[in-house]
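Visitor: Under the working numbering, the first residue of the sequence shown carries the number 9, and numbering increases by one thereafter.
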Amino acid sequence: MTEDRETISVYNKNIEQYKKLVATTNLDNNLELFLKMLKSKAVVMDVGCGIGQASSKLQAFGHVVYPVDASLEMVRVARTEFQVNASKRTFDQIDEVDFFEGIWANFSLLHTKKKYFPRNLEKLLTALKYDGVFFFSLKTGNGENRDSLGRYYSYYSEEEVQEILNQVGFVVTQQTNGEDKGLTGTIEKWMGFFCIKK
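1. Using a Cβ-Cβ cutoff of less than 6 Å, which residues in the same chain neighbour Gly149 once the five nearest sequence positions on both sides are dropped?
2. Run through the DSSP bridge pairs and tell me what Ser145 is partnered with.
3. How would you write the range of the alpha helix (DSSP H) that Arg154 sits in, first residue to last?
4. Measuring straight from C-alpha to C-alpha, what distance separates Ala94 and Ile16?
5. Start and end of the alpha helix (DSSP H) containing Ala86?
6. Rounding to the nearest angstrom, what Cα-Cα distance links Tyr74 and Asp54 in this structure?
7. In chain order, what residues of the same chain lie with their CB nearer than 8 Å to the CB of Tyr138, ignoring the 5 residues before and after it?
8. Mind checking Val179: buried by the 16 CB within 10 Å criterion, or exposed?
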């Protein structure tokens, strides 16, 4: 079991604060780039969809979206407020094979222990079709710990991620970097990776 129950509980309990945070956050350029890379009417999985704002935009562009999240409250809000067909699923429950043409995993892979990172990437690689587009983002740093709210985080360096991606079989086509304020109010650096399955 790769999901962290305490992290899921934090999101369930703080759903209203999370909604307020998202309301003041623009969907960044990463999603715009992802949209440009997708084929028309692509089948896309949004892994760790949160309250569904990215899924909603993907859906509005005509894509067939499968939003999933480990938090029941996130799934509820995604369904009721963003009108996307979200379902409760964890990385362990992703079992599709060559099914998706795109996978969007914005700040979701970082909530599991580092030892599970390669395995989770392998699951996503298996679920993705050949030449499929994969985006994910992580927080920059070292080690693993919990934030002040109790959420579990794994931090990575660029070199560390590149090495694991090469081992798994993803090809990086573009990388982005930035910094943002999260639920705790702390500004942290992040990095995003656009990959394709070859």
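Glycine residues also receive a C-beta, built at the ideal position from the N, C-alpha and C atoms.
Guide: Taking the coordinates as given:
1. Walking along the sequence shown from the start, residue 149 turns up at place 141. Around Gly149: Tyr163.
2. Working through the sequence shown from its first residue, we reach residue 145 at position 137. DSSP, once it has assigned bridges, lists Gly200 as partnering Ser145.
3. Walking along the sequence shown from the start, residue 154 turns up at place 146. Careful: Arg154 lies outside any alpha helix (DSSP H), inside the beta strand (DSSP E) at 152-154.
4. As a first step, residue 94 is located in the sequence shown; it is residue number 86 there, counting from the start. As a first step, residue 16 is located in the sequence shown; it is residue number 8 there, counting from the start. Their Cα atoms are separated by approximately 16 Å.
5. Here residue 86 corresponds to residue number 78 of the sequence shown, with the count starting at 1. Start and end: 80-89.
6. As a first step, residue 74 is located in the sequence shown; it is residue number 66 there, counting from the start. As a first step, residue 54 is located in the sequence shown; it is residue number 46 there, counting from the start. If you take the alpha carbons of Tyr74 and Asp54, they lie about 6 Å apart.
7. Reading the sequence shown from its first residue, position 130 is the one you call residue 138. If we look at Tyr138 and ignore the five residues flanking it on each side, its Cβ neighbours are Asp106, Lys205, Lys206.
8. Counting from 1 along the sequence shown, the entry for residue 179 is found at position 171. Exposed, since its Cβ has fewer than 16 Cβ neighbours within 10 Å.
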